[in-house]
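Q:
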Amino acid sequence: MRPRWPRRVFAQVLLVQLLIITGVTGLAAGLFLAPLGAQLDDQAERRALAIAQATAAQPAMADALLTGRPTPQGPVQAAAERIRLATGASYVVIVDARGIRYSHPSPARIGEQVSSDPRTALSGKEWKGIAQGTLGRSARGKVPLRDAEGAVVGAVSVGIAYDNVHALLVHAVPGILLYAGAALGAGALAALAVSRRLRKRTRGIELTEISALLDEREAMLHGIREGVVALDRRGRVRLVNDEAQRLLGLGPDATGQPLDSVLPPGRTTDVLAGRVAGTDLLTVRDGRVLVANRMDTADGGTVATLRDRTELEQLRRELDGTRGLTDALRAQDHEHANRLHTLIGLLELGLYEEAAEFLAEVTGAHRATAEQVAERVHDPLVGALLVGKSAVAAERGVALRVSPRTRLPDRVVDPRDLVTVLGNLVDNALDAAAGRTGGEPFVEVELRTVGAALVVHVADNGPGVPAADRERVFADGWSTKESPPHRRRGLGLSLVRRLAERYGGSARASERDGGGAVFTVELPEAVRSLEGVK
Numbered sequence: 001m002r003p004r005w006p007r008r009v010f011a012q013v014l015l016v017q018l019l020i021i022t023g024v025t026g027l028a029a030g031l032f033l034a035p036l037g038a039q040l041d042d043q044a045e046r047r048a049l050a051i052a053q054a055t056a057a058q059p060a061m062a063d064a065l066l067t068g069r070p071t072p073q074g075p076v077q078a079a080a081e082r083i084r085l086a087t088g089a090s091y092v093v094i095v096d097a098r099g100i101r102y103s104h105p106s107p108a109r110i111g112e113q114v115s116s117d118p119r120t121a122l123s124g125k126e127w128k129g130i131a132q133g134t135l136g137r138s139a140r141g142k143v144p145l146r147d148a149e150g151a152v153v154g155a156v157s158v159g160i161a162y163d164n165v166h167a168l169l170v171h172a173v174p175g176i177l178l179y180a181g182a183a184l185g186a187g188a189l190a191a192l193a194v195s196r197r198l199r200k201r202t203r204g205i206e207l208t209e210i211s212a213l214l215d216e217r218e219a220m221l222h223g224i225r226e227g228v229v230a231l232d233r234r235g236r237v238r239l240v241n242d243e244a245q246r247l248l249g250l251g252p253d254a255t256g257q258p259l260d261s262v263l264p265p266g267r268t269t270d271v272l273a274g275r276v277a278g279t280d281l282l283t284v285r286d287g288r289v290l291v292a293n294r295m296d297t298a299d300g301g302t303v304a305t306l307r308d309r310t311e312l313e314q315l316r317r318e319l320d321g322t323r324g325l326t327d328a329l330r331a332q333d334h335e336h337a338n339r340l341h342t343l344i345g346l347l348e349l350g351l352y353e354e355a356a357e358f359l360a361e362v363t364g365a366h367r368a369t370a371e372q373v374a375e376r377v378h379d380p381l382v383g384a385l386l387v388g389k390s391a392v393a394a395e396r397g398v399a400l401r402v403s404p405r406t407r408l409p410d411r412v413v414d415p416r417d418l419v420t421v422l423g424n425l426v427d428n429a430l431d432a433a434a435g436r437t438g439g440e441p442f443v444e445v446e447l448r449t450v451g452a453a454l455v456v457h458v459a460d461n462g463p464g465v466p467a468a469d470r471e472r473v474f475a476d477g478w479s480t481k482e483s484p485p486h487r488r489r490g491l492g493l494s495l496v497r498r499l500a501e502r503y504g505g506s507a508r509a510s511e512r513d514g515g516g517a518v519f520t521v522e523l524p525e526a527v528r529s530l531e532g533v534k
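As structure tokens, this is what we get:
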């Protein structure tokens with residue numbers, strides 16, 4: 001059966017690491033043993049040459065060779081054997097200038113011609129190497145033997161049995177293998193630790209599953225309609241999908257950069273960076289209402305999700321406006337029924353003149369309010385908003401006044417933006433004035449143009465805005481009112497400032513003379529010039 005390649009990532013990594021470690025350990029052992037054999041050979045050759053040099057350096061050795069005969073009992077044989085036994089050499093052979101042995105471990109070979117070529121040593125040169133002789137393979141050293149005048153009279157050949165050199169090499173192998181085995185074991189343990197950590201990090205999935213998961217992640221991140229921003233532990237952008245790029249106005253080059261460098265300072269950046277804690281945090285970015293949530297990851301980073309609630313907020317505000325209009329109509333209906341009953345009673349009592357005066361007074365008040373708005377506000381959307389808010393204000397016991405200085409021509413660039421700004425400011429002012437105790441609560445609206453710029457003033461005689469909170473009231477999600485169920489506050493004034501900044505203008509809060517608050521919004525280039533009107 002053919003061995004099966006493991007499918008799990010950690011098992012593959014472990015097997016590959018073990019194979020690499022085994023191969024590297026075996027290669028290292030082989031590379032160490034190969035020069036070790038050559039080194040042992042060289043040491044044996046040098047040792048043989050050193051013994052031969054020491055033997056040839058003895059002053060009496062040349063005289064004994066010249067005066068004696070090649071016999072087993074001769075002085076040369078005795079000196080050579082003494083040196084062989086003292087040094088542990090395999091042989092110490094001394095020959096004369098003709099190559100005749102004067103010494104040999106086997107006395108029977110004394111007097112015979114030497115088996116190896118002695119001409120190198122007899123020519124006055126030293127030689128070392130590995131060679132085969134009558135005593136077997138050995139490491140040899142040969143040197144010339146000189147007399148007192150320096151003339152070469154013979155040669156000294158010393159051999160060390162090659163079996164001894166081989167035995168040294170074999171003796172060193174177990175130690176080398178022991179160290180190699182220890183290194184292999186340490187490497188295997190390290191590979192096992194790495195593979196176990198990898199198994200923990202990959203959760204035991206297969207290599208093909210990783211590729212599939214990456215493909216699925218890319219498809220999911222770029223296909224969902226929620227923005228996803230991933231940050232590492234240093235606050236750098238690690239990932240941003242297409243929807244997050246659209247919602248935050250980021251480009252694909254934002255990846256790898258610090259969050260504070262790709263987004264301007266503000267609540268959105270603070271929410272994404274985790275400097276604002278909480279769930280379903282509201283923030284506004286370029287006129288979009290976003291809901292953000294963050295979750296920490298195991299490596300110290302974070303993943304933030306963004307949902308676009310702009311359209312939902314617009315629908316909610318339209319619903320609030322519809323509810324307000326419904327409440328106003330209900331109040332008017334109730335008031336109209338009371339007045340109608342009064343009128344019927346006057347008629348039944350025969351008080352016809354009083355009935356006519358009462359009817360003229362009632363219709364005149366409503367007509368006066370609508371005519372006053374229409375006379376000063378020529379844009380139909382803005383005028384309709386003020387008339388509707390007047391009914392709501394009357395129901396809440398608040399007088400909604402239009403300042404005599406109000407002049408709004410029918411040349412507003414985008415009346416819907418002005419309706420959003422004015423509606424939010426009037427709603428907040430009504431809430432503030434309705435809670436007033438003592439005196440008549442009122443809200444005053446002033447709309448005037450300065451060239452192409454539009455200035456909006458909304459004042460009320462409510463409790464006012466403390467100086468410390470006059471900037472905070474424009475922050476996303478900040479509100480002094482308790483949020484009702486399934487609804488969040490703190491977006492109206494934030495949207496007002498965002499719209500003002502979009503036109504290049506500003507929004508600010510101040511104190512009204514006599515008590516209360518004044519909100520001023522400046523919208524440059526919000527009114528078309530007369531030249532642009534056809």
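In my numbering, the protein residues as written are 1 to 534. Note that CB positions come from ideal geometry on N, CA and C, so glycine has one too.
Over the uninterrupted alpha helix (DSSP H) stretch that includes serine 494, give me the two end residues.
A: That run of the alpha helix (DSSP H) goes 492 to 502.
Q: Quick one, which of Arg497, Val450, Leu290 has its alpha-carbon nearest arginine 528's?
A: Comparing Cα positions, the closest option is Val450.
Q: Can you tell me whether alanine 89 is helix, strand or coil according to DSSP?
A: Here alanine 89 sits in coil by DSSP.
Q: Between Arg233, Val237, Arg236, Ala244, which has its C-alpha nearest glycine 227's C-alpha?
A: The candidate whose alpha carbon is nearest that of glycine 227 is Ala244.
Q: Just list the residues that DSSP pairs proline 258 with in beta bridges.
A: Paired residue(s): Arg236.
Q: Buried or exposed for histidine 104, going by 16 or more other Cβ atoms inside 10 Å?
A: Counting Cβ neighbours within 10 Å, histidine 104 comes out buried, since at least 16 surround it.
Q: Assess, as a yes-or-no matter, whether the segment 338 to 347 is touched by the segment 412 to 432 under the definition of 3 or more beta carbon pairs within less than 8 Å.
A: Contact fails: fewer than three Cβ-Cβ distances are below 8 Å.
Q: Considering only C-alpha positions, which residue in the set Gly23, Gly150, Ala139 is nearest to glycine 124?
A: Ranking Gly23, Gly150, Ala139 by Cα distance to glycine 124 puts Gly150 first.
Q: Could you check the C-alpha separation between leucine 351 and alanine 394 for me, to the nearest Å?
A: Taking the straight line joining both Cα atoms gives about 29 Å.
Q: May I have the straight-line CA-CA distance separating aspartate 63 from threonine 25, to the nearest angstrom?
A: The straight-line gap from Cα to Cα measures roughly 57 Å.
Q: Closer than 9 Å, CB to CB, is alanine 48 near chain B or not?
A: Here chain B cannot be found, since the structure has a single protein chain.
Q: Between which two residues does the beta strand (DSSP E) containing threonine 283 stretch?
A: Taken as a continuous stretch (DSSP letters only), the beta strand (DSSP E) holding threonine 283 covers 281 to 285.
Q: Using the rule of at least 16 other Cβ atoms within 10 Å of the residue's Cβ for burial, across every protein chain shown, is lysine 389 buried or exposed?
A: Buried, because 16 or more other Cβ atoms sit within 10 Å of the Cβ of lysine 389.
Q: Indicate whether leucine 495 and threonine 406 have their beta-carbon atoms separated by less than 9 Å.
A: No, these two residues do not count as a Cβ contact at 9 Å.
Q: In whole angstroms, give me the CA-to-CA distance for arginine 411 and arginine 448.
A: Distance between the alpha carbons of arginine 411 and arginine 448 is about 12 Å.
Q: Can you name, in chain order, every residue of its own chain whose Cβ lies under 6 Å from the Cβ of leucine 535, other than the five neighbours on each side?
A: Given that the chain is displayed from residue 1 to residue 534, the structure contains no residue 535 and the question cannot be resolved.
Q: Which partner residues does glutamate 444 have in the DSSP bridge list?
A: Per DSSP, Arg401, Ala459.
Q: Contact check, serine 138 vs alanine 148 under 8 Å by CB: the rounded distance?
A: Actually they do not touch by this definition, with Cβ atoms about 31 Å apart.
Q: Starting from threonine 305 and walking both ways along the beta strand (DSSP E), at which residues does that stretch end?
A: Here the beta strand (DSSP E) through threonine 305 covers 302 to 308.
Q: Could you round the C-beta distance between valine 473 and alanine 509 to whole angstroms and report it? I think they count as a contact, below 8 Å.
A: Right, the Cβ-Cβ distance comes to about 6 Å (below 8 Å), so this counts as a contact.
Q: DSSP state of glycine 23, grouped into three classes?
A: Of the three classes helix, strand and coil, the one that applies to glycine 23 here is helix, per DSSP.
Q: May I ask you to list the residues that DSSP assigns as paired with arginine 142?
A: Reading off the sequence shown, one finds lysine at residue 142, where the question assumed arginine. The partner list for lysine 142 (beta bridge, DSSP) reads Trp127, Ser157.
Q: Exposed or buried, which one is alanine 292 when buried takes at least 16 other CB atoms within 10 Å?
A: Alanine 292 should be labelled buried.
Q: Determine the burial state of threonine 71: buried for a count of at least 16 other Cβ atoms within 10 Å of its Cβ, exposed for fewer.
A: Exposed.
Q: Beta-carbon within less than 8 Å of threonine 22's beta-carbon, same chain only, minus the 5 sequence neighbours each way: which residues are those?
A: Closer than 8 Å at the Cβ level, and outside the excluded window around threonine 22, lie Leu184.
Q: Measuring straight from C-alpha to C-alpha, what distance separates glycine 143 and leucine 66?
A: Residue 143 is actually valine in this sequence, not glycine. Answer to the nearest angstrom: the Cα atoms are 17 Å apart.
Q: On the DSSP letters alone, give me the boundaries of the beta strand (DSSP E) that valine 521 sits inside.
A: Element bounds for valine 521: 517 to 523.
Q: Cβ of alanine 500 within 9 Å of Cβ of valine 518?
A: The answer is no: Cβ separation not under 9 Å.
Q: Would you kindly work out how many angstroms separate the C-alpha atoms of arginine 236 and glycine 256, rounded to a whole number?
A: Near 6 Å, if we compare the C-alpha coordinates of glycine 256 and arginine 236.
Q: Go ahead and label asparagine 424 buried or exposed: buried means 16 or more other beta carbons lie within 10 angstroms of its beta carbon, across all protein chains shown.
A: Looking at its Cβ environment, which holds 16 or more other Cβ atoms inside 10 Å, asparagine 424 is buried.
Q: Considering Cα atoms alone, identify which of Thr297, Phe442, Gly438 is closest to leucine 430.
A: Checked all of Thr297, Phe442, Gly438; the closest Cα to leucine 430 is Phe442.
Q: Taking glycine 99 as the reference, give the member of Val153, Phe358, Leu422 with the closest Cα.
A: With distances taken between Cα atoms, glycine 99 lies closest to Val153.
Q: Cα separation between alanine 80 and alanine 161?
A: The alpha-carbon atoms of alanine 80 and alanine 161 are separated by roughly 17 Å.
Q: Per the DSSP calculation, arginine 101 is bridged to which residue(s)?
A: According to DSSP, which records beta bridges pairwise, arginine 101 is partnered with Val95.
Q: Could you name the residues of the same chain whose beta carbon sits closer than 6 Å to that of valine 156, not counting the 5 residues immediately before and after it, in chain order?
A: So the list reads Ala52, Thr55, Ala56, Ile94, Val143, Leu145, once near-sequence residues are dropped.
Q: Go through its chain and collect everything with a Cβ distance to glycine 514's Cβ below 8 Å, but skip five positions before and after it.
A: Answer for glycine 514: Asn461, listed in chain order.
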